[in-house]
Structures are given as C-alpha cells and as structure tokens.
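At position 323 of the sequence shown the residue is numbered 322 (numbering that gives the first Met the number 0), and the sequence of numbers has no breaks.
Even glycine gets a Cβ: it sits at the ideal position worked out from N, Cα and C.
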Amino acid sequence: MHRLMSRFLSFIFLFSLTNAAIDYDEINHNIEFVPEHSNEWVVRIDEGDDVADLVASELGLQNRRKIFDNYYLFINPYVPRRSKRATNDFTDLLTKHEKVSWAEQQQSRNRVKRDFIDKRAQEERVYRSVSFSDPKWSKEWYLKDTRPDTSSYLPKLDLHVLPAWAAGYTGKGIKVTILDDGLEWNNSDILANYDPKASYDLNDNDDDPSPRYDPTNENKHGTRCAGEVAMVANNSICGVGIAYNAKIGGIRMLDGHVTDRVEAEAIAFNHKYIDIYSASWGPNDDGRTVEGPGTLASAAFIKGITEGRNGKGVIYVWASGNGGRRQDNCNCDGYTGSIYTISISSASEHQQSPWYAERCPSTMATTYSSGAYKDQKV
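Dropping the structure here:
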C-alpha cells in the first residue's frame with residue numbers, strides 16, 4: 000500500500016507539468032497545415048519476423064524494424080520521402096497480399112505544443128520548515144503559497160505538495176518520460192535525475208533525446224516540462240521539481256514529421272519500465288479541428304495501459320488544450336478525450352479558469368498555470 004500511495008502521490012505531483020497554457024506560437028493557427036505522405040508504410044503481419052522479411056523482399060521494400068506486436072515499418076525506396084499525394088496503388092498491393100492483414104501509408108500530422116506564458120496547524124509547521132537552497136524556489140508560488148501570512152483562515156493557494164514531501168513522497172522510485180521536442184538531459188538541474196532508459200530520439204532514431212538548437216530556441220518545451228517535474232533539489236541551481244526525486248526521461252518526437260507511427264512508438268516506448276508519460280501537445284486548438292490517435296497510436300495506448308507497471312497500466316497525462324479564445328472544445332481532441340489518458344486543465348493564481356483554457360467533460364483535474372497579464376506565471 001505504501002508503494003501504491005507513493006506512486007499515486009507522485010502522479011499528483013506531475014499535475015504541474017501539464018499546465019494547459021497559451022499557444023506555443025500564434026503562427027501555428029495562421030498557416031494552413033498541408034499533410035504530406037511519406038515513404039513509410041506500417042504493415043501488420045501476424046506470422047512473424049521471417050514472413051515480414053519475405054513480404055518486404057517480394058515487393059522490393061525494406062523491412063526497417065518491428066514497431067511492436069505484429070506491426071512492422073516498411074520503407075519504399077522508390078517513393079519520395081515527402082509527397083502531397085498518397086500512393087494508393089501501392090497500399091492496395093500491400094493489403095491484397097495474403098500475408099498482410101493491414102497496411103497504411105504514413106502521413107504527417109499537425110501537432111501543436113501547449114506551452115507556458117511568458118490539518119491546518121500541522122500544515123503551517125510544514126510550510127515554515129520546508130526550504131531549499133535553489134535560488135528560484137521562492138518564486139515557485141504554485142508549490143508554496145508565498146503570500147504574507149496575514150490571515151490564518153485563508154486557504155493555501157498552492158498544490159499542497161509540501162505536506163506530501165514531508166511525509167516522504169518526493170517521486171523516489173518513479174520513472175517519468177516527457178513526449179515532446181527533446182530533453183536537454185545534461186542540463187545541470189536535470190542531469191542527476193536523468194534516466195536514459197526512459198529516453199529516445201524518434202526524429203533521428205538514436206539514443207540521445209537532446210533537442211535541436213536553433214536561434215529561436217523553439218525546442219525548449221520538452222526540457223521545461225521535464226524541469227517542472229524533476230529539477231534537482233538543494234543543488235543551488237534554478238528551482239525545485241514537483242517530484243524532485245523522480246527519474247526523468249524524454250522522447251524527442253515533435254521536431255520533425257509526426258506520423259501515426261511516430262506517436263505510437265513514443266506512447267509505447269519501454270512501457271514495461273516507465274511509470275508515467277506526460278504530453279503537452281495535441282491537434283491544432285483552432286476551434287475547427289477534430290482529430291485523435293490513429294490506428295497504431297490507439298494500439299499503443301492499449302498496450303501501455305494493459306501491459307505497463309506489471310499489469311497495472313502506465314499513466315498517460317495529457318494537457319487539455321489552449322484553444323479557449325477560439326471556442327475550441329477538448330471533446331474534439333481524441334487524446335485528451337481518450338479513456339486511456341488523464342486530461343488536466345489549468346487555473347490562474349486567482350482560482351479562475353484562464354482565457355485560453357478549454358472546457359470539456361474529459362477534464363479530470365486542474366492545476367495552477369499562468370493566467371492573465373497581471374497574474375503570476377509558472
């Protein structure tokens with residue numbers, strides 16, 4: 000029971016990660032997304048690896064690897080890596096093969112980051128006693144209410160994690176991965192908690208999830224999310240993560256063409272090792288898009304929730320969306336609305352729903368995030 004409670008509270012700690020804050024970039028909503036078809040096909044073959052190799056050889060394809068279960072990644076070297084037109088005749092050729100039960104050409108999908116904007120007496124003793132050497136700890140108002148203690152009857156306006164920390168629940172033993180644009184794992188406030196077993200680069204197919212650096216610093220989102228979860232405490236650097244003893248990893252997947260295959264491999268990555276997956280992205284929050292997981296990503300969710308954590312199922316935490324000002328509704332987002340994810344919305348420091356927040360029945364909890372111009376930021 001102690002271990003179960005520790006895992007549950009560590010999951011609660013991660014709510015701060017999923018701040019469904021304002022749009023990552025206004026330009027995402029002003030440029031029409033045009034899907035492109037790749038030279039990748041995901042093929043289901045139920046008779047094993049040797050048969051998959053045989054089918055690929057017969058059709059002049061490359062069997063790149065098994066994705067999971069009976070799904071294989073086939074590459075057609077005679078088709079452009081990017082094309083506006085689908086190669087339907089080749090898909091038909093695959094699906095008509097007697098050894099193939101399903102095949103689909105991979106198509107890029109528009110995925111938008113959901114980023115940030117720039118017992119009472121006993122509890123009081125805990126609040127006074129908890130202190131860290133990290134210079135920005137005093138600015139983490141959502142972890143410790145920093146208002147002057149002028150009225151003992153005012154409720155604490157924070158996530159109430161200090162009493163949990165005092166009880167020993169700090170994320171220790173929990174493995175978390177961030178599905179995003181990469182992780183600066185050698186950052187001095189992350190390195191001690193970095194877990195390479197919870198990390199991979201699906202954009203470049205290697206073991207290093209480091210983000211691609213550019214002059215605009217566009218690919219900082221995943222590292223910021225990871226820091227909120229597992230910044231190292233008491234190292235006199237930056238701040239404190241909400242689960243500062245958790246192990247943290249990152250899957251680099253958003254810095255390139257996002258396909259059903261890419262999403263599926265991220266969602267199911269090392270699912271028998273990782274406890275919690277966190278995603279702060281989704282379909283465009285423009286009030287016009289209705290979209291959800293594809294065939295392979297849906298299978299990956301089922302794999303995670305049935306096989307992960309020794310059969311208890313991994314925990315998928317998802318940001319509910321930032322399209323409130325466009326009257327977007329997170330019911331139209333098949334990731335936050337999935338029965339396999341826990342959808343998290345946001346509240347400002349004044350206990351108000353921010354202007355960017357989306358409303359829908361799938362929202363299961365709310366955490367603090369940045370609010371209006373005069374509100375404190377996260």
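Would you kindly check if the distance between the Cβ of residue j and the Cβ of residue i is under 8 Å?
i	j	result
residue 281	residue 182	no
residue 317	residue 288	no
residue 243	residue 225	no
residue 133	residue 235	yes
residue 106	residue 258	yes
residue 315	residue 341	yes
residue 239	residue 131	yes
residue 112	residue 319	no
residue 254	residue 185	no
Whose C-alpha, out of the options, is nearest the C-alpha of residue i?
i	options	result
residue 313	358, 214, 266, 284	266
residue 305	83, 202, 274	274
residue 330	284, 345, 346	284
residue 41	357, 309, 100, 211	100
residue 197	271, 72, 165	271
residue 74	68, 88, 56, 83	56
residue 188	200, 245, 86	245
residue 70	84, 315, 52	52
residue 104	159, 45, 49, 34	34
residue 298	264, 277, 169, 79	264
residue 32	250, 269, 109	109
residue 286	250, 255, 357	357
residue 296	48, 68, 184, 46	68
residue 93	63, 58, 62, 85	58
Measure the alpha-carbon distance for residue i versus residue j and round it to whole angstroms.
i	j	result
residue 38	residue 81	7 Å
residue 213	residue 221	15 Å
residue 241	residue 230	8 Å
residue 141	residue 228	13 Å
residue 300	residue 290	16 Å
residue 363	residue 54	45 Å
residue 194	residue 88	44 Å
residue 324	residue 333	20 Å
residue 97	residue 72	18 Å
Could you tell me if residue i is buried or exposed, where buried requires 16 or more neighbouring beta carbons within 10 angstroms of its beta carbon?
i	result
residue 77	exposed
residue 366	buried
residue 360	exposed
residue 137	exposed
Which residues share a DSSP beta bridge with residue i?
i	result
residue 65	71
residue 380	Residue numbering for the chain in the displayed model covers 0 to 377; residue 380 lies beyond these limits and cannot be assessed.
residue 279	Beta-bridge pairing links residue 279 to no other residue.
residue 366	345
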